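Participant: Got a structure here, written out as structure tokens. Questions coming.
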Amino acid sequence: MRRISVFGATGSVGESTFDLLMHAGGPASFDTVALTGGRNVQRLAQMAVALKAKLAVTAHDDCYEPLRLALSGTGIHVAAGTSAILDAADAPTDWVMSAIVGAAGLEPGLRALQQGATLALANKESLVTAGQLLMATAAAHGARILPVDSEHSAIFQALVGEDISAVDRIILTASGGALRDWPADRLAIAKVTDALAHPNWSMGARITIDSASMFNKALEVIETREFFDVDPDQIEVIIHPESIIHSMVGYRDGAIMAHLGSPDMRHPIGYALNWPVRAPLPVARIDFAALGRLTFQSPDESRYPALRLAREVMALRGLSGAALNAAKEIALDHFMDGRIGFLDMAAVVDATVSQLSAETRLGTAATAIEDVRAMDHLARIRATEHAIKRQLR
Ligand code: NAD
Ligand code: MG
Numbered sequence: 085m086r087r088i089s090v091f092g093a094t095g096s097v098g099e100s101t102f103d104l105l106m107h108a109g110g111p112a113s114f115d116t117v118a119l120t121g122g123r124n125v126q127r128l129a130q131m132a133v134a135l136k137a138k139l140a141v142t143a144h145d146d147c148y149e150p151l152r153l154a155l156s157g158t159g160i161h162v163a164a165g166t167s168a169i170l171d172a173a174d175a176p177t178d179w180v181m182s183a184i185v186g187a188a189g190l191e192p193g194l195r196a197l198q199q200g201a202t203l204a205l206a207n208k209e210s211l212v213t214a215g216q217l218l219m220a221t222a223a224a225h226g227a228r229i230l231p232v233d234s235e236h237s238a239i240f241q242a243l244v245g246e247d248i249s250a251v252d253r254i255i256l257t258a259s260g261g262a263l264r265d266w267p268a269d270r271l272a273i274a275k276v277t278d279a280l281a282h283p284n285w286s287m288g289a290r291i292t293i294d295s296a297s298m299f300n301k302a303l304e305v306i307e308t309r310e311f312f313d314v315d316p317d318q319i320e321v322i323i324h325p326e327s328i329i330h331s332m333v334g335y336r337d338g339a340i341m342a343h344l345g346s347p348d349m350r351h352p353i354g355y356a357l358n359w360p361v362r363a364p365l366p367v368a369r370i371d372f373a374a375l376g377r378l379t380f381q382s383p384d385e386s387r388y389p390a391l392r393l394a395r396e397v398m399a400l401r402g403l404s405g406a407a408l409n410a411a412k413e414i415a416l417d418h419f420m421d422g423r424i425g426f427l428d429m430a431a432v433v434d435a436t437v438s439q440l441s442a443e444t445r446l447g448t449a450a451t452a453i454e455d456v457r458a459m460d461h462l463a464r465i466r467a468t469e470h471a472i473k474r475q476l477r
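Set out below in structure tokens:
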């Protein structure tokens, strides 16, 4: 039986993964090695029982006792804390879902690759912060990475049987997020609740706000560059409000291969779970007549500075992705706590990346995870300083 582990099992992608695993037979079909979560220990315990997991881990030390109580008598091992999550990633397994949110997802994913497991990668931050290191680790250990981000799964599927050298362009679609139709002069006053009202996708809070600011798309552009190893100039972004086309690959003969489907993460998760087989999935089918039409708009880069920042990071490469991502995480924390405004997020990230490119050799490639950790740490300090400055204005 295939051994699986799910990191970030209690999140939005984690829940969809759990749903598919249960649909496919649960413990009768999979040997669940480890499930990890955060403070939602009751849900983590339920999932661990349902899948008959060997190990359940919470990221928080103070959640150890409630998790232990919830699983007492089940025979499921319990652990807590960041190092316990890394240990769980070392436990031998065949397929790992990487669905922790943020840079915290990087090291468990690297550990999974080091043991040669297939990594189903939802955690885009891994490729943004340490793309070259992640890809090199996979190659060194003969491990495979399967994209789970819907756009990257779409591109991956549109490339099946094709030669990457015949690719002209990769077109990432973006819904435009909750504030897409807001006039630009109102964006400054957008509140967290406004940015959370995503039109099409139901996702975790952080990525939903990142969709509204286009930081999600900025991360995905960098993710595309790192995963598919294409030239940054070949990557385009188009706003497609219906979220039916999940992305497209354009070939040198002018042909475009597009991947279409309902906006449901169980599509890309299921593809990565069953790859290379295309198995039946419990997702809605598209009714084209009911849809009527699909529309497109070019993104306005003055409205979305995140897209320009992504271009700068792709030009610099090295540790600049780690800096951008860490600064974005700090800016997002400050926005979510109501300390800075919506547009301040991009300003904080911009100021942090500019300062770090003057202060450090941001374009130097990471040779080890420690380089990434150090840049992540420094960028968080600088971004916090910039966020406080903006808060005091
Ligand atoms: P979420 O916030 O719903 O869930 C995050 C999970 O990670 C939870 O289980 C949480 O307990 C855990 N977690 C959070 N911080 C942690 C830490 N410091 N250490 C260990 N565990 C921690 O997030 P999500 O929306 O499911 O997104 C997960 C990842 O997948 C993100 O990288 C996101 O960008 C990516 N992604 C999500 C979607 C989506 O539809 N939600 C789509 C594409 C990509
Ligand atoms: Mg996506």
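With our numbering applied, the sequence shown corresponds to residues 85 to 477, in that order.
Yeah, the Cβ is synthetic: ideal placement off N, Cα and C, and Gly gets one too.
Since the model is a prediction, treat every value here as computed from it, not as a measurement.
1. Is V133 closer than 9 Å to C147 when the C-beta atoms are compared?
2. Measuring from the CB of M287, is there a heavy atom of ligand 1 at a distance below 8 Å?
3. Beta strand (DSSP E) containing T177: first to last residue?
4. Per the DSSP calculation, E320 is bridged to which residue(s)?
5. A450 and L217 - do their beta-carbons sit closer together than 9 Å?
6. Apart from the five residues on each side of it in sequence, which residues of its chain come closer than 6 Å, Cβ to Cβ, to A342?
7. Between the Cα of S100 and those of Q198, A206, A201, A140, spot the shortest distance and give me the residue it belongs to.
8. For the 8 Å Cβ check, are there 3 or more pairs between the segment 300 to 309 and the segment 218 to 230?
9. Could you work out which residue in L416, S382, A463, E396 is closest to I323 when comparing CA atoms only?
10. Is A183 near ligand 1, judged by its Cβ being under 8 Å from some heavy atom?
11. Round the Cβ separation of A172 and L139 to the nearest angstrom and send it over; I've been treating them as touching at under 8 Å.
12. Ligand 1 heavy atoms versus the CB of F312: any closer than 8 Å?
13. Classify Q241 as helix, strand or coil using the three-state DSSP reduction.
14. Cα-Cα, which of L135, S234, S295 is closest to G345?
15. Which value, in whole angstroms, describes the spacing of the CA atoms of D421 and A415?
16. Going by DSSP in three states, Y388 sits in which element: helix, strand or coil?
17. Write down every uninterrupted run of the alpha helix (DSSP H) in the segment 139 to 216 whose length is 4 residues or greater and which is fully enclosed by it, in chain order.
18. With three or more beta-carbon pairs closer than 8 Å as the criterion, would you say the segment 249 to 269 touches the segment 348 to 362?
19. Provide the residue span of the alpha helix (DSSP H) that contains T308, from first to last.
20. Less than 9 Å between the beta carbons of L303 and V185, yes or no?
21. Under 8 Å from any heavy atom of ligand 1, does the C-beta of I424 make it?
22. What does DSSP give as the partner residue(s) for D421 in the beta ladder?
23. I need the straight-line Cα distance from G193 to K208, nearest angstrom please.
24. For ligand 1, is there a heavy atom less than 8 Å away from the beta-carbon of R290?
25. Give the single residue among D174, I88, W179 whose Cα lies nearest to the Cα of R195.
26. With hydrogens ignored, establish whether the beta-carbon of E209 is closer than 8 Å to any heavy atom of ligand 1.
27. Taking contact to mean at least 3 C-beta pairs separated by less than 8 Å, is the segment 91 to 106 in contact with the segment 114 to 128?
28. For the 8 Å Cβ check, are there 3 or more pairs between the segment 465 to 476 and the segment 235 to 246?
29. The beta strand (DSSP E) that contains I340, what's its start and end?
30. Measure how close the beta-carbons of V97 and T120 come, nearest whole angstrom, since I'm counting them as under 8 Å.
31. Rounded to whole angstroms, what is the Cα-Cα separation between S286 and D455?
32. Quick one: Cα of L280 to Cα of G110, how far?
33. Can you round the beta-carbon distance between T448 and G402 to whole angstroms, since I take them to be within the 8 Å contact cut?
Facilitator: Let me lay it out:
1. The sequence position of residue 147 within the sequence shown is 63, counting from 1. The sequence position of residue 133 within the sequence shown is 49, counting from 1. Cβ distance not < 9 Å, so C147 and V133 don't count as in contact.
2. What you label residue 287 is simply residue 203 of the sequence shown in a count that begins at 1. Because some heavy atom of ligand 1 lies under 8 Å away, the Cβ of M287 counts as near it: yes.
3. On the sequence shown, residue 177 is found 93 positions in, with the first residue counted as 1. Note, T177: premise wrong, no beta strand (DSSP E); not H, not E.
4. The sequence position of residue 320 within the sequence shown is 236, counting from 1. According to DSSP, which records beta bridges pairwise, E320 is partnered with I255.
5. By 1-based counting over the sequence shown, the position of residue 217 is 133. By 1-based counting over the sequence shown, the position of residue 450 is 366. Closer than 9 Å, so yes.
6. On the sequence shown, residue 342 is found 258 positions in, with the first residue counted as 1. So the list reads I329, M332, once near-sequence residues are dropped.
7. Translated into the one-based positions of the sequence shown, residue 100 becomes position 16. Per the Cα distances, A206.
8. no
9. Position 239 of the sequence shown, counted from the start, is the residue given in the question as residue 323. Comparing Cα positions, the closest option is S382.
10. Within the sequence shown, residue 183 is the residue found at index 99, counting from 1. It does: the Cβ of A183 is within 8 Å (strictly closer) of some heavy atom of ligand 1.
11. For the purposes of this step, residue 172 is identified with residue 88 of the sequence shown, where counting begins at 1. For the purposes of this step, residue 139 is identified with residue 55 of the sequence shown, where counting begins at 1. A172 to L139, Cβ: 6 Å. Contact.
12. Mapped onto the sequence shown, residue 312 falls at position 228. Flag unset: Cβ of F312 not near ligand 1.
13. By one-based count along the sequence shown, residue 241 stands at place 157. Three-state DSSP puts Q241 in a helix.
14. In the sequence shown, residue 345 corresponds to position 261, counting from 1. When each option's Cα is compared against that of G345, the closest is S234.
15. Stepping through the sequence shown from its first residue, residue 421 is reached at position 337. Stepping through the sequence shown from its first residue, residue 415 is reached at position 331. So the two alpha carbons sit approximately 10 Å from each other.
16. Numbered from its first residue, the sequence shown carries residue 388 at position 304. Coil.
17. 148 to 154, 166 to 174, 190 to 198
18. no
19. Within the sequence shown, residue 308 is the residue found at index 224, counting from 1. Segment 299 to 312, the alpha helix (DSSP H) holding T308.
20. One-based indexing of the sequence shown puts residue 303 at position 219. One-based indexing of the sequence shown puts residue 185 at position 101. Result no, Cβ atoms of L303 and V185 do not sit closer than 9 Å.
21. Within the sequence shown, the letter at position 340 stands for residue 424. No, ligand 1 has no heavy atom inside 8 Å of this Cβ.
22. Residue mapping note: residue 421 aligns to position 337 of the sequence shown, counting from 1. Per DSSP, none; premise fails for D421.
23. Working through the sequence shown from its first residue, we reach residue 193 at position 109. Working through the sequence shown from its first residue, we reach residue 208 at position 124. Using only the alpha carbons, I get a separation of about 11 Å.
24. By one-based count along the sequence shown, residue 290 stands at place 206. Yes, the Cβ of R290 comes within 8 Å of a heavy atom of ligand 1.
25. For the purposes of this step, residue 195 is identified with residue 111 of the sequence shown, where counting begins at 1. Taking only the C-alpha atoms, the option nearest R195 is D174.
26. The sequence position of residue 209 within the sequence shown is 125, counting from 1. Yes.
27. yes
28. no
29. Counting from one through the sequence shown, the residue named residue 340 turns up at place 256. First-last of the beta strand (DSSP E) with I340: 340 to 344.
30. Against the sequence shown, residue 97 aligns to sequence position 13. Against the sequence shown, residue 120 aligns to sequence position 36. Contact doesn't hold; Cβ gap of about 13 Å is too wide.
31. On the sequence shown, residue 286 is found 202 positions in, with the first residue counted as 1. On the sequence shown, residue 455 is found 371 positions in, with the first residue counted as 1. Distance between the alpha carbons of S286 and D455 is about 34 Å.
32. Stepping through the sequence shown from its first residue, residue 280 is reached at position 196. Stepping through the sequence shown from its first residue, residue 110 is reached at position 26. The alpha-carbon atoms of L280 and G110 are separated by roughly 32 Å.
33. Walking along the sequence shown from the start, residue 448 turns up at place 364. Walking along the sequence shown from the start, residue 402 turns up at place 318. Yes, T448 and G402 are in contact; Cβ-Cβ is about 5 Å, under 8 Å.
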